[in-house]
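S.K.: Protein chains in written order, with numbering that gives the first Met the number 0: chain A, 0 to 552; chain B, 0 to 167.
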Amino acid sequence: MRLTGSQVVAEILLEHGVDTVFGYPGGTALNLYDVLYEYKDKIRHVLSAHEQGAAHAADGYYRATGKTGVVFATSGPGATNLVTGIATAFMDSIPMVAITANVPDSLIGRDAFQEICITGVTLPITKHSFFVNKIEDLENAIREAFRIANSGRKGPVLIDITKDVTAQTIDYKPGKPSQLQGHPIAEDAEIIAFADMINQAERPVVYFGGGVASSDAGDELNAFLEKADIPATYTLMAAGILGYENPRNLGLIGMHGSIAANRAVDRADLLIAMGTRFSDRVALNPDKFAKKAKKIQVDIDKSEINKNVIVDQSIISDVKDFLTGVLPLIKKKDHGEWVTQSTEWKKKTGDVQCQDAQLHPSEVVTAVCNLTDKETIYVTDVGQHQMWAAQYLKHDKTKDFITSGGLGTMGFGYGAAIGAQIGCPDKRVVHFTGDGSFHMNLNEGCTAVSENLPIITVIMNNKVLGMVYQWQSSFYGRRFSSTTPERKTDFVKLAEAFGAKGFRATTPKEFEDAFKKAQKESGPVWIDCVIAREEKVLPMIPSGGTVEDMIIG
Amino acid sequence: MDKTIRKEVISILVDNQSNVLTRVVSLFGRRGFNIDSLTVSATNNPKISRITIVFNGTEQALNQILTQTQKLEVVQDIFTLDRKNSLYRELLLLKAKVDKTDRTAIREIIEIYRGKIIDLSKDSMIIELTGAPEKLDGFMDMMGCYDIIEVCRTGITGIGRGLPEKAK
Numbered sequence: 000m001r002l003t004g005s006q007v008v009a010e011i012l013l014e015h016g017v018d019t020v021f022g023y024p025g026g027t028a029l030n031l032y033d034v035l036y037e038y039k040d041k042i043r044h045v046l047s048a049h050e051q052g053a054a055h056a057a058d059g060y061y062r063a064t065g066k067t068g069v070v071f072a073t074s075g076p077g078a079t080n081l082v083t084g085i086a087t088a089f090m091d092s093i094p095m096v097a098i099t100a101n102v103p104d105s106l107i108g109r110d111a112f113q114e115i116c117i118t119g120v121t122l123p124i125t126k127h128s129f130f131v132n133k134i135e136d137l138e139n140a141i142r143e144a145f146r147i148a149n150s151g152r153k154g155p156v157l158i159d160i161t162k163d164v165t166a167q168t169i170d171y172k173p174g175k176p177s178q179l180q181g182h183p184i185a186e187d188a189e190i191i192a193f194a195d196m197i198n199q200a201e202r203p204v205v206y207f208g209g210g211v212a213s214s215d216a217g218d219e220l221n222a223f224l225e226k227a228d229i230p231a232t233y234t235l236m237a238a239g240i241l242g243y244e245n246p247r248n249l250g251l252i253g254m255h256g257s258i259a260a261n262r263a264v265d266r267a268d269l270l271i272a273m274g275t276r277f278s279d280r281v282a283l284n285p286d287k288f289a290k291k292a293k294k295i296q297v298d299i300d301k302s303e304i305n306k307n308v309i310v311d312q313s314i315i316s317d318v319k320d321f322l323t324g325v326l327p328l329i330k331k332k333d334h335g336e337w338v339t340q341s342t343e344w345k346k347k348t349g350d351v352q353c354q355d356a357q358l359h360p361s362e363v364v365t366a367v368c369n370l371t372d373k374e375t376i377y378v379t380d381v382g383q384h385q386m387w388a389a390q391y392l393k394h395d396k397t398k399d400f401i402t403s404g405g406l407g408t409m410g411f412g413y414g415a416a417i418g419a420q421i422g423c424p425d426k427r428v429v430h431f432t433g434d435g436s437f438h439m440n441l442n443e444g445c446t447a448v449s450e451n452l453p454i455i456t457v458i459m460n461n462k463v464l465g466m467v468y469q470w471q472s473s474f475y476g477r478r479f480s481s482t483t484p485e486r487k488t489d490f491v492k493l494a495e496a497f498g499a500k501g502f503r504a505t506t507p508k509e510f511e512d513a514f515k516k517a518q519k520e521s522g523p524v525w526i527d528c529v530i531a532r533e534e535k536v537l538p539m540i541p542s543g544g545t546v547e548d549m550i551i552g
Numbered sequence: 000m001d002k003t004i005r006k007e008v009i010s011i012l013v014d015n016q017s018n019v020l021t022r023v024v025s026l027f028g029r030r031g032f033n034i035d036s037l038t039v040s041a042t043n044n045p046k047i048s049r050i051t052i053v054f055n056g057t058e059q060a061l062n063q064i065l066t067q068t069q070k071l072e073v074v075q076d077i078f079t080l081d082r083k084n085s086l087y088r089e090l091l092l093l094k095a096k097v098d099k100t101d102r103t104a105i106r107e108i109i110e111i112y113r114g115k116i117i118d119l120s121k122d123s124m125i126i127e128l129t130g131a132p133e134k135l136d137g138f139m140d141m142m143g144c145y146d147i148i149e150v151c152r153t154g155i156t157g158i159g160r161g162l163p164e165k166a167k
């Protein structure tokens with residue numbers, strides 16, 4: 000059949016099971032959007048307020064559903080507005096296909112109106128990119144984009160299509176998605192060697208990250224921890240995989256990790272790292288991290304081995320494949336004393352409440368936890384509220400905690416929550432944010448209203464840029480440079496102005512009432528929670544420090 | 000892990016398409032890899048080009064450069080050349096201010112290094128020299144006492160001796 004380039008795009012999206020796309024139209028994207036109109040029964044387009052919101056939505060959509068998010072944008076500013084969203088996905092290894100239109104090929108390189116070389120701009124933040132200025136190349140580019148985004152360590156891919164290609168026609172025969180690259184296969188001998196080390200260890204600790212979430216290995220990990228009787232700690236990217244009440248769950252590791260997790264890693268004789276990159280927020284001092292332990296690492300990406308911390312042995316493998324292979328070789332163990340010791344440390348928390356407010360962050364998070372079911376999807380922005388959410392949420396299921404871990408993108412939350420709610424209309428989506436983060440992209444309130452999404456936004460409002468304020472308070476002699484903006488934003492009125500509902504809470508009781516009311520609404524609700532500016536995220540290990548330098552309260 | 004600085008020659012086979020060099024070089028830049036020299040050349044397969052780089056760094060940095068580069072979609076193969084079993088060549092062009100009095104002495108040096116005079120005027124000369132980088136360094140040393148106007152070196156390119164296992 001004879002199709003235009005834009006129709007080819009739509010057909011190949013359908014072939015990959017894409018029924019939802021996020022984006023924003025524009026001059027060079029007119030042909031693409033005209034075809035979205037034609038295909039509107041098969042492909043739902045969600046219009047954002049700003050392209051950044053659309054990119055975060057495509058990201059949140061994947062994290063909630065496991066289906067690759069697709070985002071459309073026009074050339075120039077439309078494309079550059081995607082950059083932070085693409086970078087966020089790149090740093091957290093989230094597959095995404097970004098499709099941008101560019102000026103017609105005859106104008107490329109002439110600084111035409113809204114012309115930007117977006118493949119150049121996004122070079123360091125994409126797994127790969129395609130510039131398509133010949134219609135013959137279009138089909139392959141889109142199929143390859145989906146293959147590359149989802150193969151091995153996942154990530155975003157950008158396709159930039161010149162406007163003339165979106166209008167030209169070509170003979171198109173329906174095809175099939177390209178086959179994903181197979182996972183690297185570990186040798187039996189390597190797995191046996193790992194099993195031996197695990198079986199012989201006296202004080203082993205598992206330290207895992209987003210790789211466990213992306214390989215969907217939660218069940219395998221739980222089985223492994225139980226059989227080998229090993230306590231485990233996780234990065235922000237893997238919050239939610241271990242049940243909160245699980246005695247082997249030590250909590251979050253790193254800068255704002257638990258006392259139990261950081262101590263256990265420091266005392267361990269074997270550290271088993273899975274799907275994680277020893278980032279500077281975890282191994283704050285790479286030379287002293289888990290210094291008594293032999294370190295072994297499993298990762299699908301070879302370049303993660305010895306990148307930040309030198310390990311003793313490594314296996315290049317998908318975490319799920321590894322766990323499936325190693326489980327039969329693991330001896331049933333009882334590390335009773337070691338697990339008990341770790342659980343003892345777990346009782347010690349950094350939960351210090353600031354006295355000058357009636358509503359504390361831990362009370363807000365705990366109330367949300369108590370009032371929602373286990374299917375709830377929690378989405379956060381970035382800052383203090385993000386850490387509080389990670390520390391106090393009682394996670395019990397994978398994929399329920401959506402956060403920007405690697406890039407730490409303030410303004411990520413609302414777009415991501417919209418993507419998650421679009422992808423999972425039957426689940427409750429709770430969006431935790433701070434007044435700083437929310438001010439960045441609250442414009443997406445109009446999207447949540449237009450799409451009638453019952454997202455509950457919980458704003459931890461301390462009227463300061465809390466995380467930076469905390470650092471200035473602890474390490475910069477309370478010189479609060481540009482963190483006390485004295486904003487007068489009335490979030491309740493603002494919610495109403497957008498056509499959403501707004502509530503304010505100054506006590507735990509008020510918060511509970513507001514949240515219960517919010518749960519009955521069919522559209523978006525914002526709850527402005529008044530908390531104290533001196534409220535801190537604790538415990539804390541300063542940059543470059545070790546467990547010895549931990550600030551507890 | 001070994002912290003000593005070593006010199007390695009890395010050969011990268013890449014898809015011959017626009018932007019390939021940008022992708023590779025941009026990766027080196029953002030990961031902070033230090034490169035001594037870089038050459039790009041055609042191969043017998045029109046779809047594949049070869050990038051040869053000389054790299055100075057620790058074993059850890061070398062592993063990072065190999066594994067990070069390998070992840071690029073356009074990279075088909077990457078390997079370090081085994082020093083003993085590989086041949087390296089580099090081309091040098093040198094322009095010197097030379098009058099009648101120096102000409103004979105310089106010609107002698109050129110002859111010893113098997114170079115060629117490819118341009119000559121009343122007061123200058125351009126010399127061409129090919130060889131292993133060490134030979135070129137030696138020649139530069141010898142020419143140090145003359146009035147050198149300009150020098151260009153191509154950076155090295157290299158190839159392993161004999162047939163690789165899979166081709167036998």
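For each residue, glycine too, the CB sits at the ideal point set by N, CA and C.
Note that the structure is predicted; figures quoted are calculated from it, not measured.
What first and last residue would you give for the beta strand (DSSP E) that runs through residue 501(A)?
M.R.: 500-504 is the extent of the beta strand (DSSP E) around residue 501(A).
S.K.: Per DSSP, what kind of secondary structure is residue 138(A) in: helix, strand or coil?
M.R.: Looking at residue 138(A) - three-state DSSP - the assignment turns out to be helix.
S.K.: My output table needs one value for residue 114(A): the three-state DSSP class, helix, strand or coil.
M.R.: It is coil, neither helix nor strand.
S.K.: Hey, is residue 182(A)'s beta-carbon within less than 8 Å of any beta-carbon in chain B?
M.R.: Not closer than 8 Å to any Cβ of chain B, the Cβ of residue 182(A) fails to qualify, so no.
S.K.: Checking contacts by CB at 8 Å: is residue 0(B) closer than that to chain A?
M.R.: Interface residue, yes.
S.K.: Considering just the uninterrupted stretch of the beta strand (DSSP E) at residue 155(A), what are its terminal residues?
M.R.: Counting along the chain, the beta strand (DSSP E) containing residue 155(A) begins and ends at 155-161.
S.K.: Along the chain, where does the alpha helix (DSSP H) containing residue 61(A) start, and where does it finish?
M.R.: Note, residue 61(A): alpha helix (DSSP H), 50-64.
S.K.: Of all the residues that make up the segment 291-305 of chain A, which are near chain B by a beta-carbon distance shorter than 9 Å?
M.R.: Cβ contacts with chain B come from 300, 301, 302, 303, 304 and 305.
S.K.: Could you check which residue in 540(A), 268(A) and 427(A) has the C-alpha nearest to that of residue 279(A)?
M.R.: Nearest C-alpha to residue 279(A): 540(A).
S.K.: Closer than 7 Å by C-beta to residue 168(A): which residues in its own chain qualify, once you throw out the five before and the five after it? Chain order, please.
M.R.: Same-chain partners within the cutoff: 1, 2 and 3.
S.K.: Just curious, the alpha helix (DSSP H) that residue 320(A) is in, first and last residue?
M.R.: Per DSSP, residue 320(A) belongs to the alpha helix (DSSP H) from 318-325.
S.K.: Taking just the CA atoms, how far does residue 499(A) sit from residue 448(A)?
M.R.: Going by the C-alpha atoms only, they are around 6 Å apart.
S.K.: Tell me residue 195(A)'s beta-bridge partners as DSSP assigns them.
M.R.: Partner(s): none; residue 195(A) has no beta bridge.
S.K.: Using only CA atoms, which one of 328(A), 289(A), 274(A) and 283(A) lies nearest to residue 302(A)?
M.R.: Out of 328(A), 289(A), 274(A) and 283(A), 274(A) has the C-alpha closest to the C-alpha of residue 302(A).
S.K.: Our contact map puts residue 78(A) next to residue 117(A) with C-beta atoms below 8 Å; I'd like the distance itself, whole angstroms only.
M.R.: That pair is a contact at about 4 Å.
S.K.: Quick check on residue 75(B): does DSSP put it in helix, strand or coil?
M.R.: Reduced to three states, the DSSP call for residue 75(B) is strand.
S.K.: Does residue 139(B) come out as helix, strand or coil in the three-state DSSP assignment?
M.R.: Three-state result, residue 139(B): helix.
S.K.: Does the segment 158-177 of chain A touch the segment 91-104 of chain A, meaning 3 or more C-beta pairs lie closer than 8 Å?
M.R.: At 8 Å Cβ cutoff, the stretches touch.
S.K.: Out of curiosity, what's the CA-to-CA distance linking residue 92(A) and residue 276(A)?
M.R.: Roughly 12 Å between the two C-alpha positions.
S.K.: Within 10 angstroms of the Cβ of residue 2(B), are there 16 or more other Cβ atoms? Answer buried if so, exposed if not.
M.R.: Exposed is the call here.
S.K.: Using a C-beta to C-beta distance shorter than 7 Å, which residues of chain B count as neighbours of residue 147(A)?
M.R.: Neighbours of residue 147(A) on chain B, chain order: 72.
S.K.: Would residue 86(B) and residue 130(B) be called neighbours here (beta carbons separated by less than 8 Å)?
M.R.: No; because the gap between Cβ atoms is not below 8 Å, this pair is not in contact.
S.K.: Taking just the CA atoms, how far does residue 152(B) sit from residue 101(B)?
M.R.: If you take the alpha carbons of residue 101(B) and residue 152(B), they lie about 23 Å apart.
S.K.: Give the DSSP bridge partners of residue 296(A), in chain order.
M.R.: Its beta-bridge partners are 272(A) and 313(A).
S.K.: Show which residues of chain B have a CB atom less than 8 Å away from the CB atom of residue 309(A).
M.R.: What residue 309(A) touches in chain B: 0 and 59.
S.K.: Please give the ranges of any beta strand (DSSP E) in the segment 191-255 of chain A, keeping only runs that are unbroken, at least 3 residues long and fully inside the region.
M.R.: List check, beta strand (DSSP E) in window: 203-207, 231-233 and 248-251.
S.K.: Could you name the residues of chain A that residue 25(B) contacts, counting a contact when the two beta carbons are closer than 8 Å?
M.R.: What residue 25(B) touches in chain A: 122 and 123.
S.K.: Report the option in 25(B), 6(B) and 120(B) whose CA atom is closest to the CA atom of residue 54(B).
M.R.: Answer by Cα proximity: 6(B).
S.K.: Taking the continuous beta strand (DSSP E) assigned at residue 377(A), which residues delimit it?
M.R.: 376-379 is the span of the beta strand (DSSP E), which, as asked, contains residue 377(A).
S.K.: Am I right that residue 234(A) and residue 258(A) are in contact with their C-beta atoms under 8 Å? What's the rounded C-beta distance?
M.R.: About 17 Å separates the two Cβ atoms, so there is no contact after all.
S.K.: Thinking just about the alpha-carbon of each residue, which of 36(A), 512(A), 521(A) and 505(A) is nearest to the one in residue 529(A)?
M.R.: Out of 36(A), 512(A), 521(A) and 505(A), 505(A) has the C-alpha closest to the C-alpha of residue 529(A).
S.K.: Look at residue 79(B) and residue 9(B) and say whether their C-beta atoms are less than 8 Å apart.
M.R.: Against a cut-off of 8 Å, the Cβ pair of residue 9(B) and residue 79(B) comes out as a contact.
S.K.: For residue 186(A), which of 362(A), 54(A), 478(A) and 317(A) has the nearest alpha-carbon?
M.R.: Measuring from the Cα of residue 186(A), the nearest candidate turns out to be 317(A).
S.K.: How would you call residue 154(A), buried or exposed, if buried means at least 16 neighbouring beta carbons within 10 angstroms?
M.R.: The residue in question, residue 154(A), is buried, as its Cβ has 16 or more Cβ neighbours within 10 Å.
S.K.: Quick one: does residue 67(B) have its CB under 8 Å from some CB of chain A?
M.R.: Yes, residue 67(B) lies at the interface with chain A (some Cβ there is under 8 Å from its Cβ).
S.K.: Tell me the rounded alpha-carbon separation between residue 343(A) and residue 311(A).
M.R.: Residue 343(A) and residue 311(A): Cα-Cα distance of roughly 29 Å.
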